[in-house]
Every structure is written in C-alpha cells, then in structure tokens.
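Participant: Sequential numbering of the sequence shown, starting at -16, is according to the working numbering.
C-beta atoms are modelled at their ideal positions from N, C-alpha and C, and glycine is treated no differently.
Since the structure is predicted, the reported quantities are computational estimates derived from the model, not experimental observations.
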Amino acid sequence: MIDIVGQLNAIRREVGERRIPAGEGRAVRLRREYDAPIEDVWDAITNAERINRWFLPVSGDLRLGGTYQLKGNAGGEIRRCEPPRLLV
-16 MIDIVGQLNA IRREVGERRI PAGEGRAVRL RREYDAPIED VWDAITNAER
34 INRWFLPVSG DLRLGGTYQL KGNAGGEIRR CEPPRLLV
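1) Counting Cβ pairs closer than 8 angstroms, one from the region 59 to 69 and one from the region 30 to 49, do we hit at least three?
2) Residues in its own chain within less than 6 angstroms of residue 40 by CB, not counting five upstream and five downstream?
3) Would you mind working out which of 29, -7 and 70 sits nearest residue 16, comparing C-alpha positions?
4) Tell me the DSSP secondary structure of residue 31 in three-state form.
5) Rounding to the nearest angstrom, what Cα-Cα distance links residue 8 and residue 56 in this structure?
6) For the putative contact between residue -2 and residue -12, defined by C-beta atoms under 8 angstroms, what is the C-beta separation to the nearest angstrom?
7) Measure the alpha-carbon distance for residue 94 versus residue 5 and round it to whole angstroms.
8) Cα-Cα, which of 14, 33 and 35 is closest to residue -4?
9) Any heavy atom of the ligand PLP within a distance shorter than 7 angstroms of the CB on residue 43?
Structural data, given as structure tokens:
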C-alpha cells in the first residue's frame, strides 16, 4: 500500500503570483526527488501513456507550444521545455 502522507510530505510546494498576458496570475511549482534515472522520470511526465498510469488521462499536443487537457481537470500550454530537466 502507498504511504499517502509520506508521498505528500516528499513534495516541496511554492505558490506565488506572476504576470501573464491576461493580467495577474498564480503560479504553482512542485518539486520532488525520485530514486530513478532522470531520463525515466522525464519520460513518465511527458509520455501520455505513462502519465495516465500515475495521474489522469491526458490529451493534446504534448510538445513545446502545444496545449494539453487532463481528463475532468485542468489544462494548459507547454511554454518551456528543456529535456530532461525543465517543463513549464
């Protein structure tokens, strides 16, 4: 069984405000370290089939400048992508 509290405590969260084209917006940054090769972690967060295994089904154009939609939840635009370390 997964230790939910341990998983949540392993994530570092930052919330702030930032300027976006539509005006003021909120920014949320989540950070987590994994005991896995960075290439494997990168694939798990950028490959639609793998995202579906651990989060929610995702659709869209998963590339720089593309848009995505999480099933029944949020969506957005991929604004920066510097494999395998940065995805905004």
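Facilitator: Looking at the coordinates:
1) yes
2) Here the question's residue 40 lines up with position 57 in the sequence shown. Excluding residues within five positions, the ones whose Cβ falls inside 6 angstroms are 54.
3) Counting from one through the sequence shown, the residue named residue 16 turns up at place 33. When only C-alpha atoms are compared, the closest one is -7.
4) In the sequence shown, residue 31 corresponds to position 48, counting from 1. Residue 31 falls in the helix class under three-state DSSP.
5) Counted from its first residue, the sequence shown places residue 8 at position 25. Counted from its first residue, the sequence shown places residue 56 at position 73. Each residue's Cα considered, the two are about 18 angstroms apart.
6) Working through the sequence shown from its first residue, we reach residue -2 at position 15. Working through the sequence shown from its first residue, we reach residue -12 at position 5. That belief does not hold up - the Cβ atoms of residue -2 and residue -12 are roughly 20 angstroms apart, past 8 angstroms.
7) Because the chain in this structure spans residues -16 to 71, residue 94 falls outside the shown range and cannot be described.
8) As a position in the sequence shown, residue -4 is number 13, starting the count at 1. It is 14 whose Cα lies nearest to the Cα of residue -4.
9) With respect to the ligand PLP, the structure shown offers nothing to examine, as it has no ligands at all.
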